[in-house]
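Visitor: First the structure, which I've put down as structure tokens, then a few questions once you've had a look.
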Amino acid sequence: MNHINGLPAAHENLASLPVDGHAITSAAAARDHVRSLLRDHWSPPQGGVGPDAVTDLLLVVSELVTNAIRHGGGLAGFTATVIDGGILLDVRDNSDVVPTPAHGTGEFPQGHQVSGYGWPLIIRLSRDITIEPGPRGGKTVRVFVPLA
0 MNHINGLPAA HENLASLPVD GHAITSAAAA RDHVRSLLRD HWSPPQGGVG
50 PDAVTDLLLV VSELVTNAIR HGGGLAGFTA TVIDGGILLD VRDNSDVVPT
100 PAHGTGEFPQ GHQVSGYGWP LIIRLSRDIT IEPGPRGGKT VRVFVPLA
């Protein structure tokens, strides 16, 4: 298990909306789900949450789900949970392969590559990245995206 410590404690009054991976079949559906979660359950600190923080969150959602679909053998599960300071995302796929570099510096590819930008963006915009193998194969990528 690869793990970075320091995950904030869950807030008892806030919500988690687990979704069967079969219900989320695209990054757009996952973004819609997270927008609903924010609208219905997020209590921003005084002053609110800026649009950049929400944009960053939705970008991380898109990249995690797209990686699961394109590189992870398909999306096997998706959960978004509101916790103190932000959103905790769990994305489960069907591949045992850990992203390379799993916990790198977030450096972008050199040159004019078409792909390879998603994982560095996830590293730059998320905290507390955990990658755990699934009990019957696959893996779960968990990240915390700060909003406060």
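Per numbering that gives the first Met the number 0, the very first residue in the sequence shown carries number 0; after that it's consecutive.
Just so you know, even glycine gets a beta-carbon here, dropped at the ideal spot from N, CA and C.
1. Rounded C-beta distance between residue 56 and residue 23? I'm assuming under 8 Å.
2. Pick helix, strand or coil for residue 134, following the three-state DSSP scheme.
3. Since I believe residue 124 is in contact with residue 59 (beta carbons under 8 Å), could you give me their beta-carbon distance rounded to a whole number of angstroms?
4. Assuming residue 74 is part of the alpha helix (DSSP H), what are its boundary residues?
5. Thinking C-alpha only, which one of 69, 40, 43, 62 is nearest residue 118?
6. Measure how close the beta-carbons of residue 79 and residue 33 come, nearest whole angstrom, since I'm counting them as under 8 Å.
7. Per DSSP, what are the beta-bridge partners of residue 85 in this structure?
Guide: Inspection of the coordinates gives the following:
1. Actually they are not in contact, since the Cβ atoms of residue 56 and residue 23 sit about 16 Å apart, beyond 8 Å.
2. strand
3. 5 Å
4. No alpha helix (DSSP H) holds residue 74; the beta strand (DSSP E) holding it covers 74-82.
5. 62
6. 5 Å
7. 82, 145
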